[in-house]
Every structure is written in structure tokens, then in C-alpha cells.
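Chains as they are written, first to last, in the numbering used here: chain A, 102 to 417; chain B, 1000 to 1284.
Virtual Cβ for every residue (Gly too), placed ideally from N, Cα, C.
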Amino acid sequence: MTSTGIGRRAASGTTGFLKRSQPRYVEKAVRVLLIAASLVSVLTTVGIVIALIPPAAEFFGKVSFGDFITGTDWSPLFKPPHFGVLPLVTGTLMVTLIALLVAVPLGLGAAVYLSEYARPGVRTFFKPILEVLAGIPTVVYGFFALQAITPLLQDIWPGGEGPQVFNALSAGFVMGIMIIPTIASLSEDAMNAVPNDLRDGGFALGSSRMQVATRVVFPAALSGIAAAIMLGVSRAIGETMIVAVAAGGRPNLSFNPLEGMQTMTAFIAAAGIGDLPTGSIGYQTIFAVGALLFVMTLVMNLVSIRLVRKYRQVYE
Amino acid sequence: MASPSEAPVSASGTSVPQVSYRDAPPLITPVFEVGGLSVFYGDHEAVRDVNMTIGGRQITAMIGPSGCGKSTVIRCFNRMNDLIPTARVAGKIRYHDEDLYGRDVDPIEVRRRIGMVFQKPNPFPKSIYDNIAYGPRVGGFKGDLDDLVEETLTHAALWDEVKDKLKTSALALSGGQQQRLCIARTIAVKPEVILMDEPCSALDPIATAKIEDLMEHLAQEFTIVVVTHNMQQAARVSHRTAFFTTDVGAEGERHGRLIEYDETARIFSNPSDQRTEDYITGRVG
């Protein structure tokens, strides 16, 4: 390399026009603030897990884990107490399943319509409205289930015994309505992000709009759609108010959606607002159920990430 | 203007100083007859009054500067413009004896007969096999898919390169292979016509030469219409060439116009319009 005139001048002394105009610590401070912001959620999660462990551990010192997980009678506050958590688990799963049966088809249908069929104007009009549904307080949904859906179901029930006043069916149904916007909106984002090149390729091979949506766009957007459904499932499992209001407060090991049943979250809420003395076994059950709930959602998330990795189609 | 790296490479990959033009077969069996075709995007008339006849089993090239409407016109031939909400087509395109824009015409049926390859290779994020099988599957193909995939890939001169990795993602292929896969995917549907909208613009000269070889080979069986920015490519592969350019109207509005359409040898050696000559010789565009 030959040395240039510029190089020589820079070596001999500077004219100052390359000087930093902003002091370096501003950039550093911004960086620290942003890291702090992103750490808040991580630390909160860690904190919750840490807070769950000691009372849950104490609980399992008194009640064997096997009895807890396989027991079919849940009456921790009665005498003699029983700590079989299965009725709460089946209640939770039952309501969540009903919610998904409602929300997945309707949510994905709405997403496919908005992303693949609707004209741009319709989309910009409908999407915010859909998202308003997500802003309704869940206690309102709960009373809607109890006061509107349950009586309606009882009226139109064809023969036999209809739903009880508190039942899993209307709670699950309304919970499904509640998570439609989550599934629809996030799935729509995922489908909308699929490049138009791929759609053109599908159309040019003689596909109908439906075929492009289901065979080209849907598989390409699968990981986003699965994430949307998982978020919906998590909201359903964690939802408390709707089930507390509309599904009743009686632990009930049953697979009949017309009966009332208590979910894990509803138990935690009910026991939590009671006057259980800190350190008592009743108090510790709250944490044991909470820990189980946490593990269930965690496992579900891990499994779904696995599945998505296996089946997703990555586009560039 | 073509870059120097493209100029000396012929379809066979050897260096040729002079282009030899291909004899144009006569237009006895017209596939498309275009009459008074105008295309609007909203109120804007992007292409005005195109008239041309495209013959079967030959390669027709469309050349011209950017914005001259050649891509817009080629997208009329398989009704891809239908997918743009603001686009409107006026005038007539006859495909054999059918009005392509007739009231009862199903665009899906049109696109099964008139396939299209795009500027940027756009294989589906699926396996190589599933890319080829896509068209036949959506078309309700009943025969043996394995056979069809092998036959199609062989036809597209891609079989030897991919036969051991049919189940791997098409996105693992090189750009040139992806584009040849897209051509193969198109012929798997057994169309009559293949439209190619600047099929080599994202490829290097060697991959381009392979596509050009493939086009020549396929022209024995298919009718090919190709839009290209590369004049050498048009000169090398096509039998007939249409030159488009942009007209600027009195109020500054711009319309794409077809200026001259003739046998390729004539367009490149003895064009009858001054604007064609200026473009061919590199004076404009």
C-alpha cells in the first residue's frame, strides 16, 4: 500500500472535524435503560417461580405428590381434608378444550378471510374491531356466560336434562369468544407476512383462492399460527374470572360439560380471597396448584415448539 | 444496456462475437391474438392499444426500457392482473378461439393452460418433490405422482441434480436451480403456454445460460413468451421480438406502447422504427 496525503496528515495531527459530537455516556445510558426494560419481564417470571417453590415444597412435605396428582377428591379446606387435584385438572382441561373448539375454527377462519379474501379497506376496518373484543374485561364475559348464554342454552336444549346453572359449557364457549381476537389477529399477522411471490406462484399454477390459502400461505405461516394458538391456550388455561362466575366453585371430577366444575385458577382465586392463615396447609395448597399450573403450561409450550419446528416451512 | 459480463456468453456457454438469429416459424397457428389491449391501474392507463399475434411453439420476446408495460402485458395473458384490485383490462385477447376475458372464462382454468415463471425464483417452502407435485395436486391429478415428478424433472433437465434429495427443501437449491425448479413446476401442470417475466434477472450468467438452453429445448413443445431486460437474451433465444417503450403524453402522462413487433432477426438487424433502433443500439434506455 502506498501512503496517501490524507493518511500522512491524519498521522501528523487532526483538524478536529471527525470529533464525536455527542458524549459517549449518553449512548451507554440508553443501552443500560433498554437492558433494564427487557430484564423486568424476565426477572418477574423468575421471581414468581422462586416465590412458588418454598410453600409448594412445604405442601409436598405434608401431602405425597402421588396422592396429590392421582387423587380424585379435592376438599382441602374440609375436615378431614382431601388433596386429590384431578377434579381441578379435568375442570381446567374441559373448559380449555371447549374454548379451543370455539376459538380455533372461528379465529383461523377470520384470519384467513382478513388475510386472503378481504379487500385492504375491509381489513383495516375489521381488524381494530376484532381487537376491541380483546379489551373487554373478563368479568363482563363471565356474567355474559352466566346471564345470557346459560339461560339461552337451557331454553334451546333439545330434550333431556339441560345445562345446570353453573356449567363448563357456557364458560368454555364464552372463553372461546374471548380468545378469538388473540388467535385471529396473530394468525392474520403471520399469514400477512408470507411474501406475495408465493401466492403468485400458487395462483399461476391454477390454484383457487382457498387452495392458495390452505396449501401455500397456511403452511408457510404455520409457526406464527401455532404461536397464536398457544397464546390462546395459555390465556384459556390462565383465565379465572369467567370460570369463577359461570362454571361454579365446586370441584367435580366429571367429563360432562353440562355440569358445574372448578378449575385450578378458580380455586386459587377463591382460596386466595378467603382468610387462610399464612403457613397453613390450606394456604400452601394455593402454591401447589399454582406450581402445577405453571408446569402444565411450560410443558405444553415446549411440546408445541417441538411440533412447530418439525412441521413449519421456512421461507426467506 | 447489457453488462459486458452477459454479452459474450451464448446459450451454450461458449464465447461468440456475433449473434446468429433463429429462424422464426410462420404464424400459421396463432395462440394469442391481441387487439386494442389497454391496461389501467385505477385511472392511469399503463399500457395503450397493443395489437399483436403470438404464434405457437416458438419463443416470443418482449423487450423495452423499464416502465414500458411489457410485464403488465404478459400478466394479461394468464389473467394475473385479476389479482390486483385496481387493475382493469380493455380490448381483446383471444386465446385460440376463446375470448380470454369472456364472461364465463374461469381464470383458474386459464392459468392451468397458461403457466407463468416469475422474476424472482419463488419455490414454495416445501420439498422439491412437493413443489413439482403442487400443481398436479391442486388440479386433481389422479395418476402416479412419483412418475410425474421424475418425468417433469427430467424434462426440465434437473433430475440428475436433484434425484437424491427430492425430500429436501427447495430453498436449499441455488438460485438458478430454484428458477429451473419453478419452470419444472409449471410444466408439471402440462400447460400449452409458459409465460416468463424476466426469468433470469436475478441469476448469474452461467445460470442464465442454463435457463436459455432449457427455453430452447422447451420451445419444441410449448409456446413461450418471455419478458426480458437483456437484449442479448432476446436476440439469442427468441424467434420474434416485440419492442415496447413509454410514450409521454401532452400532460406528462406515461403510457406503455408496442412500437414494433417482428421476427427477431429483423428487429435486431434492420428495425423499421427509429425508436427501436435507438434502443437496440444502446442510444436510449
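With distances taken from CA atoms, which of the options is nearest residue i?
i: leucine 234/A; options: Leu306/A, Met279/A, Ile374/A, Ala321/A; result: Met279/A
i: glycine 1035/B; options: Leu1026/B, Arg1093/B, His1043/B; result: Arg1093/B
i: phenylalanine 395/A; options: Leu207/A, Ala137/A, Met365/A; result: Met365/A
i: alanine 327/A; options: Arg125/A, Met397/A, Val186/A, Leu403/A; result: Leu403/A
i: histidine 1254/B; options: Ser1019/B, Tyr1040/B, Arg1110/B; result: Tyr1040/B
i: alanine 392/A; options: Ala314/A, Ala137/A, Thr146/A; result: Thr146/A
i: arginine 316/A; options: Tyr1133/B, Ser1168/B, Ala1206/B; result: Tyr1133/B
i: proline 282/A; options: Ile257/A, Arg224/A, Thr197/A, Lys228/A; result: Lys228/A
i: lysine 1069/B; options: Glu1276/B, Tyr1278/B, Leu1257/B; result: Leu1257/B
i: glutamate 1032/B; options: Gly1063/B, Asp1048/B, Met1115/B, Phe1123/B; result: Asp1048/B
i: isoleucine 374/A; options: Gly380/A, Gln363/A, Ile387/A, Gly222/A; result: Ile387/A
i: alanine 212/A; options: Thr398/A, Ser335/A, Met292/A; result: Met292/A
i: isoleucine 1210/B; options: Ser1237/B, Pro1190/B, Glu1191/B, Lys1189/B; result: Ser1237/B
Tell me which same chain residues have a C-beta within less than 8 angstroms of the C-beta of residue i, skipping the five on either side of it?
i: phenylalanine 356/A; result: Thr191, Met195
i: serine 1011/B; result: Residue placement at serine 1011/B cannot be trusted, given a pLDDT of 44 that sits under 50; the coordinates are not used to answer.
i: alanine 294/A; result: Ala322, Gly325
i: tyrosine 416/A; result: Val295, Pro296, Leu299, Ala321
i: glutamate 1097/B; result: Val1104
i: alanine 249/A; result: none
i: threonine 103/A; result: With a pLDDT of 49 at threonine 103/A, under the threshold of 50, the modelled position of that residue is not reliable, and no figure is offered here.
i: valine 390/A; result: Val186, Leu189, Met365, Phe368, Ile369
i: leucine 74/A; result: It is not possible to answer for residue 74/A, since the shown part of chain A is limited to 102 through 417.
CB-CB under 7 angstroms to residue i, same chain, minus the five flanking residues each way: which ones, in chain order?
i: alanine 305/A; result: none
i: threonine 1028/B; result: Gly1054, Gly1055
i: phenylalanine 199/A; result: In the sequence under discussion, the amino acid at residue 199/A is isoleucine, which differs from the phenylalanine named in the question. Cβ within range, chain order: Ala269, Leu270, Gly273, Phe274, Gly277, Pro358.
i: leucine 377/A; result: Gly383, Tyr384
i: proline 1120/B; result: Gly1174, Gln1177, Gln1178, Cys1181, Ala1201
i: glutamine 255/A; result: Gly263, Pro264
i: arginine 410/A; result: none
i: serine 1004/B; result: Confidence in serine 1004/B is poor, its pLDDT being 43 and thus under 50, which makes the residue's placement too unreliable to answer from.
i: glutamate 1197/B; result: Gln1118, Val1226, Thr1227, His1228
i: phenylalanine 179/A; result: none
i: glycine 350/A; result: Gln363, Ala367, Ala371
i: glycine 106/A; result: Note that glycine 106/A has pLDDT 49, beneath the 50 cutoff, so the model's placement of it is unreliable and the number below is only indicative. None.
i: glutamate 159/A; result: Gln385
i: methionine 342/A; result: Thr239, Val240, Gly243
In the DSSP assignment, what are the bridge partners of residue i?
i: glutamate 1285/B; result: Nothing can be reported for residue 1285/B, as the shown portion of chain B is limited to 1000 through 1284.
i: methionine 1195/B; result: Val1116/B, Val1225/B
i: methionine 1051/B; result: Val1033/B
i: methionine 1061/B; result: Val1226/B, Ala1241/B
i: glutamate 1044/B; result: Phe1039/B
From which residue to which residue does the alpha helix (DSSP H) around residue i run?
i: isoleucine 369/A; result: 365-374
i: lysine 1189/B; result: No alpha helix (DSSP H) holds lysine 1189/B; DSSP gives it neither H nor E.
i: histidine 1216/B; result: 1204-1217
i: alanine 197/A; result: The sequence shown places threonine at residue 197/A, rather than the alanine named in the question. That run of the alpha helix (DSSP H) goes 187-213.
i: glycine 243/A; result: 239-245
i: tryptophan 1158/B; result: 1158-1161
i: leucine 178/A; result: Run containing leucine 178/A: none; DSSP gives neither H nor E here.
i: threonine 398/A; result: 382-412
i: glycine 222/A; result: 221-234
i: serine 324/A; result: 323-339
Enumerate in chain order the residues of its own chain whose CB-to-CB distance from residue i is below 6 angstroms, with the five nearest sequence positions on each side excluded.
i: isoleucine 1266/B; result: Thr1240
i: glycine 108/A; result: With a pLDDT of 49 at glycine 108/A, under the threshold of 50, the modelled position of that residue is not reliable, and the figure given next carries that caveat. Within the same chain, glycine 108/A has no close Cβ partners at all.
i: alanine 347/A; result: Gly243, Ala246, Leu247, Ser271, Ala272
i: aspartate 1081/B; result: Pro1106
i: phenylalanine 118/A; result: none
i: glycine 1248/B; result: none
Identify the contact partners of residue i in chain E, using a Cβ-Cβ distance below 9 angstroms as the criterion.
i: valine 415/A; result: In the structure shown, chain E does not exist; the protein chains are A and B.
Go to residue i, then tell me how far its beta strand (DSSP E) extends in each direction, as first and last residue.
i: aspartate 1261/B; result: 1253-1262
i: valine 164/A; result: Segment: none, valine 164/A is in no beta strand (DSSP E) and carries neither H nor E.
i: phenylalanine 1087/B; result: First, the amino acid is wrong: residue 1087/B is arginine here, not phenylalanine. 1086-1094 is the extent of the beta strand (DSSP E) around arginine 1087/B.
Inset, instruction - Output, in sequence order along the chain, the residues in the segment 312-325 of chain A whose CB is closer than 8 angstroms to any CB in chain B. - result: Gln312, Arg316, Val317, Pro320, Ala321
Legend entry - Members of the segment 1123-1145 of chain B that neighbour chain A once the beta carbon cut-off is set at 7 angstroms: Phe1123, Pro1124, Lys1125, Tyr1133, Gly1134, Val1137, Gly1138
Legend entry - Contact residues within the segment 287-304 of chain A, judged by C-beta distance below 7 angstroms to chain B: Asp298, Leu299, Asp301, Gly302, Phe304
Legend entry - Within 7 angstroms of chain B by C-beta, residues of the segment 186-219 of chain A in sequence order: none
Legend entry - chain A contacts from the segment 1186-1212 of chain B (Cβ-Cβ distance under 9 angstroms): Ala1187, Val1188, Pro1190, Leu1194
Legend entry - Members of the segment 1064-1081 of chain B that neighbour chain A once the beta carbon cut-off is set at 7 angstroms: Asn1077, Met1079
Legend entry - Contact list for the segment 1105-1121 of chain B against chain A, Cβ threshold 7 angstroms: Ile1107, Arg1110, Arg1111, Gly1114, Met1115, Phe1117, Lys1119, Asn1121
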